[in-house]
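S.K.: Sending over a structure as structure tokens; questions will come in a sec.
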Amino acid sequence: MANNSSHITDYKVLTRVLLVLMFLTFLTISVTSYNLAAFTVTIALLIAGVKSFLVLSYFMHLKYESLLLRILVSIVFVLFALIVLITFIDYSYR
Amino acid sequence: MTHNTVDKIEYVSFLEHKGKYKGLFSWIFATDHKRIALLYLYAIATFFFVGAILGLLMRLELIAPGETIMKPQTYNGIFTVHGIIMIFMVVIPGLSAVFGNFFLPILIGAKDVAFPKLNLFSWWVFIFGSVLAVASQFMKDGPPDTGWTFYAPYSTATGTNVIMATTAAFVLGFSSILTGLNFLVTIHQMRAPGMKFFNMPLFPWAIYATAWIQLLATPIIGITLLMLIAERLFGIGFFDPNLGGDPILFQHLFWIYSHPAVYVMILPAMGVITEIIPTFCQRRVYGYKAIALSSVAIAGVGFLVWGHHMYTSGMSNQARWFFSLLTFVVAVPSAIKVFNWLSTMYKGSIDLKPPFLYAVSFIFLFIIGGTTGLLLGSVATNVQVHDTAFIVAHFHYIIFGGMGFAFFAAIHYWLPKMYGKMYNFKRANIAWAIIFVGFNLLYFPQFILGFQGMPRRYFDYLPQFQTGEVISSIGGFILVSGLILMVYNLVMGVRKGEPSPANPWNGSTLEWQIPSPPSIENFDEAPVIKKNPYDYN
Numbered sequence: 001m002a003n004n005s006s007h008i009t010d011y012k013v014l015t016r017v018l019l020v021l022m023f024l025t026f027l028t029i030s031v032t033s034y035n036l037a038a039f040t041v042t043i044a045l046l047i048a049g050v051k052s053f054l055v056l057s058y059f060m061h062l063k064y065e066s067l068l069l070r071i072l073v074s075i076v077f078v079l080f081a082l083i084v085l086i087t088f089i090d091y092s093y094r
Numbered sequence: 095m096t097h098n099t100v101d102k103i104e105y106v107s108f109l110e111h112k113g114k115y116k117g118l119f120s121w122i123f124a125t126d127h128k129r130i131a132l133l134y135l136y137a138i139a140t141f142f143f144v145g146a147i148l149g150l151l152m153r154l155e156l157i158a159p160g161e162t163i164m165k166p167q168t169y170n171g172i173f174t175v176h177g178i179i180m181i182f183m184v185v186i187p188g189l190s191a192v193f194g195n196f197f198l199p200i201l202i203g204a205k206d207v208a209f210p211k212l213n214l215f216s217w218w219v220f221i222f223g224s225v226l227a228v229a230s231q232f233m234k235d236g237p238p239d240t241g242w243t244f245y246a247p248y249s250t251a252t253g254t255n256v257i258m259a260t261t262a263a264f265v266l267g268f269s270s271i272l273t274g275l276n277f278l279v280t281i282h283q284m285r286a287p288g289m290k291f292f293n294m295p296l297f298p299w300a301i302y303a304t305a306w307i308q309l310l311a312t313p314i315i316g317i318t319l320l321m322l323i324a325e326r327l328f329g330i331g332f333f334d335p336n337l338g339g340d341p342i343l344f345q346h347l348f349w350i351y352s353h354p355a356v357y358v359m360i361l362p363a364m365g366v367i368t369e370i371i372p373t374f375c376q377r378r379v380y381g382y383k384a385i386a387l388s389s390v391a392i393a394g395v396g397f398l399v400w401g402h403h404m405y406t407s408g409m410s411n412q413a414r415w416f417f418s419l420l421t422f423v424v425a426v427p428s429a430i431k432v433f434n435w436l437s438t439m440y441k442g443s444i445d446l447k448p449p450f451l452y453a454v455s456f457i458f459l460f461i462i463g464g465t466t467g468l469l470l471g472s473v474a475t476n477v478q479v480h481d482t483a484f485i486v487a488h489f490h491y492i493i494f495g496g497m498g499f500a501f502f503a504a505i506h507y508w509l510p511k512m513y514g515k516m517y518n519f520k521r522a523n524i525a526w527a528i529i530f531v532g533f534n535l536l537y538f539p540q541f542i543l544g545f546q547g548m549p550r551r552y553f554d555y556l557p558q559f560q561t562g563e564v565i566s567s568i569g570g571f572i573l574v575s576g577l578i579l580m581v582y583n584l585v586m587g588v589r590k591g592e593p594s595p596a597n598p599w600n601g602s603t604l605e606w607q608i609p610s611p612p613s614i615e616n617f618d619e620a621p622v623i624k625k626n627p628y629d630y631n
């Protein structure tokens, strides 16, 4: 049942992704100097989400995996988002 | 212990196989999934009896009002230790680690799990975590007195061994994650040729859904317990309102894991029952796809209902409404399974052997546990019985009546395959009857006591509750005597029982097509799957 084919990613692509990740890390630190009130955590989570997406897609080769595997990993993120959202149903109305 | 029906000179069972090491080392360093399963079985059985003795001590204390055999602080320690041992060391790993390890690869036609060394490492991590948990009870600050839920803010302030106990739970969580990961990869990558997802037996389906929960939910409790440790050591203020923290956040994080953990306990139990019922009715399982997908649905929706443990915590009303709605939704896939089991039995050639008796008891007790769960899912009734003996009864009907009886069903079903020996049926039936009566006598009165207002985790009570408490305690002693008889019968079966044929129950799934006990490689050659696993008709 196994699909043992592997994909070799070009160094140029990996370098570009690394640069984008470094920029996003810089951005994460930079935005803390602004008072974004309730959106502070939201912005931090959004940037972290983009970084995770890039790491999963390129460094962990998810972009080149089967559709089933990509769907399964996507479900994990949807689940995480739902858990955060539902928790905030409590905090928003308390 | 060579197999008595298969005439193969080369056949050597996994119990007799000579590997790299000898004696004890051939077990504790074994990477064979079947040996690791037995390692888990012996460890978990030992912990279960320790937990049961602690439970019995609680029942002795509650046999009369006032101080009977122990001080209040000792009682607090004992119910906490009972909970930690039973939850983290028995029921969460129980079915998955023992029967999942032994039978998942065989049921999907594989030689072993995907990562055998990781599997052994998971067992060692489990043992290390268990030693830490037990040690936390004997260190100088005394056993933790928080209950197994470690609720903040009390757990951040009590002077007992909370840090060690939570570290133990953290370590045990790693074992659970690694086992879940191993099983997921095994199911995705190692199914026999021709075995699609929808002709895989239903126990592996249940293990598959369970493994997702283990993989995704367990890290959350790990982080939560680390936050608690950090709070105690450094006063960070995650949960302390004086420092800007929120104690309800702990409950959210704790139950985001611990409610799905209930499904880690019960989903494999449902898988076991789904294997046993078609075999002892000699009927194709009714609603195969519905049962398979309901496991996934329970795992999915089960992630989103944690708040029903927190209706009285001070959570917002909107959240209570939302969690109540989802709790009723999660009952649907559970009910689908029950209806399908009953439909499978309908017009079947029912054979009342011990595994089937335990399986039917499971359905009966699970229905009581499940329907009282709906009563707790409704906010209005929940606030009346929250933190009363009603919760204790409901919880034990689900966990012991569900997971526990399924475990006993599984051991009676698969023991002939695991050891190649058969136990005494008459003694097994008597033990089942004693356990069933004792269980109901122990826990059913607690529904009534809870309705009448008897709080849970209380060392003392008003005289009006004594009748119920005495009946409950008598039930506890009957239950334990039944358990002793059951274990005696199984041990005698393994040591002196008649050799078992390869397929004593006329089962149709793959484990019954190989010798008892299986060889180290399980199959001489990989089986090719061409039909439904429950093809009796």
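Each protein sequence line maps, in turn, to chains E and Z.
Following our numbering, the numbering of the first sequence begins with 1 at its first residue and continues without gaps.
Following our numbering, the numbering of the second sequence begins with 95 at its first residue and continues without gaps.
Beta carbons: idealized from backbone N, C-alpha and C, even for Gly.
Here the structure is a predicted model, which means the values were calculated and not measured.
Please classify T243(Z): does DSSP put it in a helix, a strand, or coil?
M.R.: coil
S.K.: Residues in the stretch 69 to 82 of chain E with C-beta within 8 Å of chain B's C-beta atoms, listed in sequence order?
M.R.: This model lacks chain B altogether, as its protein chains are E and Z.
S.K.: Determine the closest residue to L577(Z) out of R521(Z), I179(Z) and I200(Z), with distance taken between C-alpha atoms.
M.R.: Of the listed residues, the one whose Cα sits closest to L577(Z) is R521(Z).
S.K.: Can you look up S107(Z) in the DSSP assignment and give me helix, strand or coil?
M.R.: Note: S107(Z) maps to strand in three-state DSSP.
S.K.: Under the assumption that T482(Z) contacts G544(Z) (Cβ atoms under 8 Å), give the Cβ distance between them as a whole number of angstroms.
M.R.: Sure, about 4 Å apart at Cβ, within 8 Å.
S.K.: If you count every other CB in all the chains shown that lies within 10 Å of the CB of A453(Z), and 16 or more means buried, which is it?
M.R.: buried
S.K.: Using CA atoms only, rank isn't needed, just tell me which of G194(Z), R153(Z), G188(Z) and V175(Z) is closest to H127(Z).
M.R.: G194(Z)
S.K.: Determine, for T87(E), whether the minimum Cβ-Cβ distance to residues of chain Z falls below 7 Å.
M.R.: Residue contact check for T87(E) against chain Z: a CB pair falls below 7 Å.
S.K.: Please work out which residues of its chain come closer than 8 Å, Cβ to Cβ, to I138(Z), disregarding the five sequence neighbours upstream and downstream, and give them in chain order.
M.R.: M183, V184, P187, G188, A191 and V192
S.K.: In whole angstroms, what is the alpha-carbon distance linking A391(Z) and K431(Z)?
M.R.: 11 Å
S.K.: Quick check: I444(Z) and C375(Z), are their CB atoms within less than 7 Å of each other?
M.R.: yes
S.K.: Does the beta carbon of Y64(E) come closer than 7 Å to any beta carbon on chain Z?
M.R.: Taking Cβ atoms only, chain Z never reaches closer than 7 Å to Y64(E), which makes this a no.
S.K.: I'd like to know whether the C-beta of R94(E) is nearer than 7 Å to at least one C-beta of chain Z.
M.R.: yes
S.K.: Is there a Cβ from chain E that is less than 7 Å from the Cβ of S352(Z)?
M.R.: no
S.K.: When you compare the CB of Q412(Z) with every CB in chain E, is at least one pair closer than 7 Å?
M.R.: yes
S.K.: Between L54(E), Y64(E) and L45(E), which has its C-alpha nearest V17(E)'s C-alpha?
M.R.: L54(E)
S.K.: By how many angstroms is the C-alpha of V581(Z) removed from the C-alpha of A55(Z)?
M.R.: Only positions 95 to 631 of chain Z appear in this structure, which leaves residue 55(Z) out of reach.
S.K.: Counting along the chain, where does the alpha helix (DSSP H) carrying V184(Z) start and finish?
M.R.: Taken as a continuous stretch (DSSP letters only), V184(Z) belongs to no alpha helix (DSSP H), as it is neither H nor E.
S.K.: Since M409(Z) meets chain E, which of its residues come closer than 8 Å, beta carbon to beta carbon?
M.R.: D90 and R94
S.K.: Run through DSSP, which three-state label would S613(Z) get?
M.R.: strand
S.K.: Any Cβ of chain E within less than 7 Å of the Cβ of H402(Z)?
M.R.: Against chain E, the CB of H402(Z) has no partner CB under 7 Å away; the residue lies outside that interface.
S.K.: Report the residue from Y513(Z), L468(Z), H480(Z) and Y245(Z) whose alpha carbon sits nearest the alpha carbon of I492(Z).
M.R.: L468(Z)
S.K.: Roughly how far, in whole angstroms, is the beta-carbon of N434(Z) from the beta-carbon of A384(Z), given that I think they are within contact range, below 8 Å?
M.R.: 6 Å
S.K.: In three-state DSSP terms, what is K290(Z)?
M.R.: coil
S.K.: Kindly give me the distance between the Cβ atoms of H346(Z) and V399(Z), rounded to whole angstroms, as I take these residues to be in contact under 8 Å.
M.R.: Contact doesn't hold; Cβ gap of about 12 Å is too wide.
S.K.: Do you know how far the Cα of V76(E) is from the Cα of L309(Z)?
M.R.: C-alpha separation (whole angstroms): 10 Å.
S.K.: Could you give the C-beta distance for T261(Z) and S249(Z), rounded to a whole number, given that I count them as a contact under 8 Å?
M.R.: With a Cβ gap of about 13 Å, T261(Z) and S249(Z) do not count as contacting.
S.K.: With distances taken Cα to Cα, identify the nearest neighbour of L133(Z) among F143(Z), V144(Z), G145(Z) and S120(Z).
M.R.: S120(Z)
S.K.: What alpha helix (DSSP H) runs, 4 residues minimum, are completely inside the stretch 262 to 322 of chain Z?
M.R.: none
S.K.: What does L198(Z) touch in chain E if you count any residue whose Cβ is under 7 Å from its own?
M.R.: Near L198(Z) there are no residues of chain E at all, since even the closest Cβ is about 15 Å away, more than 7 Å.
S.K.: Step through the CB atoms of chain E and report whether any lies within less than 7 Å of the CB of F333(Z).
M.R.: no
S.K.: For A413(Z) and G401(Z), what's the separation of their Cα atoms in angstroms?
M.R.: 8 Å
S.K.: Rounded to whole angstroms, what is the Cα-Cα separation between P210(Z) and A286(Z)?
M.R.: 18 Å
S.K.: If you follow the alpha helix (DSSP H) that E563(Z) is in, where does it begin and where does it stop?
M.R.: Q560 to K590
S.K.: Do A246(Z) and P341(Z) come within 7 Å of each other at the CB atom, strictly closer than that value?
M.R.: yes
S.K.: In terms of DSSP beta bridges, what is T482(Z) paired with?
M.R.: Checking the DSSP bridge columns, you'll see T482(Z) partnered with P549(Z).
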